[in-house]
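Visitor: Numbering (the UniProt record's numbering), first residue to last: 2 to 256.
Would you mind keeping the following structure in view while I ask a few things?
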Amino acid sequence: TPEGLARAARIVADSGLLVVSSGAGMSRESGIPTFRDAMEGLWANFDPQELATEEGFRANPRRVWSWYAWRRDRVMQARPNPGHFAVAELAGIVPELVVVTQNVDGLHAAAGSRDVVEVHGSIRRVRCLDRGHVFSGELPVYAECEEQDPPPCPVCGSPLRPDVVWFGEMLPVDAVERAWSLAGRCDTMLLIGTSGTVWPAAELPLVARRAGARIIEVNPHRSELTHTADVFLQGPAGEVLPALLAEVRRLLAAS
Ligand code: APR
2 TPEGLARAAR IVADSGLLVV SSGAGMSRES GIPTFRDAME GLWANFDPQE
52 LATEEGFRAN PRRVWSWYAW RRDRVMQARP NPGHFAVAEL AGIVPELVVV
102 TQNVDGLHAA AGSRDVVEVH GSIRRVRCLD RGHVFSGELP VYAECEEQDP
152 PPCPVCGSPL RPDVVWFGEM LPVDAVERAW SLAGRCDTML LIGTSGTVWP
202 AAELPLVARR AGARIIEVNP HRSELTHTAD VFLQGPAGEV LPALLAEVRR
252 LLAAS
């Protein structure tokens, strides 16, 4: 609603530190499926236990290795959408903006966001199972991985796996420390495209709210976190965020 947008823009314009906390919905308009949307969500079509756990990987490394290559191919072909670009531009007009994302697609950085905390890792990186040697850059495409064993780590020989956080796994310590500290001292958290069903990432807006921050949520549907929001902007990120950016610009120009 216009009033909601005006209120959200006022909150953003008054923010010192703005933390943008994004989930899969942020990349939906880049053609990357979310996880829990009814029909096309990945977990409506694939079994997370089999594909996004270490047990699943150890039980069938070929299946997991090739499924992530299939997802990685889609990520590498995807382009940031107007929502990603709006977030990148917002960083140029508020005093301090940090993106904390659950997404592993790298699209915030591709859109120009320079300060991105990836709390669930990156599908653009792989690491080895035993020693955690990390590799990025040119990675094999799906056709090269289909029903192939994961290649051995060039350093220690143990199998390579995606450098993403699977269910039941710890989040990267440095990312967690930074994300939770930012949430605890931000003036505003802009919560975009997350169902708020996966912990501990879902706690971030609660940490921010407890510390006195205002919460703005952007989502076409209500989420598990909508109850924490001071303003709920109902709609797709690719449309709402550019509108919010324009409204903030108008406010700051008028002031
Ligand atoms: N713009 C904004 N939000 C959208 C859009 C859109 N165009 N389309 C869908 N959404 C919303 C959905 O309404 C839903 O609330 O995005 C959210 C997607 O929720 P999930 O699919 O659960 O994605 P996410 O919350 O990021 O999942 C968290 O679960 O599987 C794990 O590690 C994986 O990081 C992922 C985590």
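Glycine included, C-beta positions come from ideal geometry on N, C-alpha and C.
Just so we're clear, the structure is a prediction, and the values are computed from it rather than from any experiment.
Hey, is N61 close to the ligand APR, as in C-beta under 8 Å from one of its heavy atoms?
Guide: Outside the cutoff, so no.
Visitor: Straight-line CA distance for L98 to S16?
Guide: C-alpha separation (whole angstroms): 9 Å.
Visitor: Using a 10 Å radius around the Cβ and a threshold of 16 neighbouring Cβ atoms, would you call S182 buried or exposed?
Guide: By the 10 Å Cβ count, S182 comes out exposed.
Visitor: Going by beta carbon distance, what residues of the same chain come within less than 7 Å of A180, once the five residues before and after it are set aside?
Guide: Counting only Cβ-Cβ distances below 7 Å, and skipping sequence neighbours, we find V101, V118, V120 and L205.
Visitor: Under 9 Å, do L6 and E218 count as touching if we go by C-beta distance?
Guide: No, the pair does not count as a contact, with Cβ atoms beyond the cut-off.
Visitor: Could you check how far apart the C-beta atoms of P152 and S159 are, in whole angstroms? I think they sit under 8 Å.
Guide: No, P152 and S159 are not in contact; Cβ-Cβ is about 11 Å, not under 8 Å.
Visitor: Does DSSP put F136 in a helix, a strand or coil?
Guide: It is a strand residue.
Visitor: Count the other CB atoms, across all protein chains shown, that sit within 10 Å of the CB of D164; report buried if there are 16 or more and exposed otherwise.
Guide: By the neighbour-count rule (16 or more Cβ atoms within 10 Å), D164 is buried.
Visitor: Quick one: what's F233 bridged to in DSSP?
Guide: Answer is E218.
Visitor: Need the endpoints of the alpha helix (DSSP H) that E119 sits in, please.
Guide: From DSSP, E119 is part of no alpha helix (DSSP H) but of the beta strand (DSSP E) over V117 to E119.
Visitor: In terms of alpha-carbon separation, which member of G133, A144, G84 and P96 lies closest to A110?
Guide: Cα-wise, what sits closest to A110 is G84.
Visitor: Would you report the Cα separation of F86 and A79, rounded to the nearest angstrom?
Guide: Cα to Cα, F86 sits roughly 14 Å from A79.
Visitor: In whole angstroms, what separates the C-alpha of A238 from that of L91?
Guide: Going from the Cα of A238 to the Cα of L91 covers about 14 Å.
Visitor: What does E97 pair with, by DSSP beta-bridge criteria?
Guide: In DSSP, E97 forms a bridge with L18.
Visitor: Could you compute how far the alpha carbon of E4 sits from the alpha carbon of A244?
Guide: Roughly 12 Å between the two C-alpha positions.
Visitor: Which residue wins for smallest C-alpha separation from F168, given the options I193, S67 and Q103?
Guide: Nearest option by C-alpha distance: Q103.
Visitor: Alpha carbon to alpha carbon, what distance is there between M190 and F233?
Guide: Distance between the alpha carbons of F233 and M190: 12 Å.
Visitor: If I measure Cβ to Cβ from V166 and keep anything under 7 Å in the same chain, skipping five residues before and after, which residues do I get?
Guide: The answer, listed in chain order, is H121, G122 and L172.
Visitor: Going by Cα to Cα distance, which pick from S31, D38, G32 and L140 is closest to T198?
Guide: Answer by Cα proximity: D38.
Visitor: Between R132 and the rest of its own chain, which residues show a CB-CB distance below 6 Å, the 5 nearest in sequence each way excluded?
Guide: So the qualifying residues of the chain are C157.
Visitor: Go ahead and pull the three-state DSSP assignment for G122.
Guide: In the structure shown, G122 sits in a strand (DSSP, three-state: E or B).
Visitor: Using C-beta distances below 6 Å, list every residue in its chain close to A202, excluding the 5 sequence neighbours before and after it, in chain order.
Guide: So the qualifying residues of the chain are Q103 and V120.
Visitor: Does S114 come out as helix, strand or coil in the three-state DSSP assignment?
Guide: Coil.
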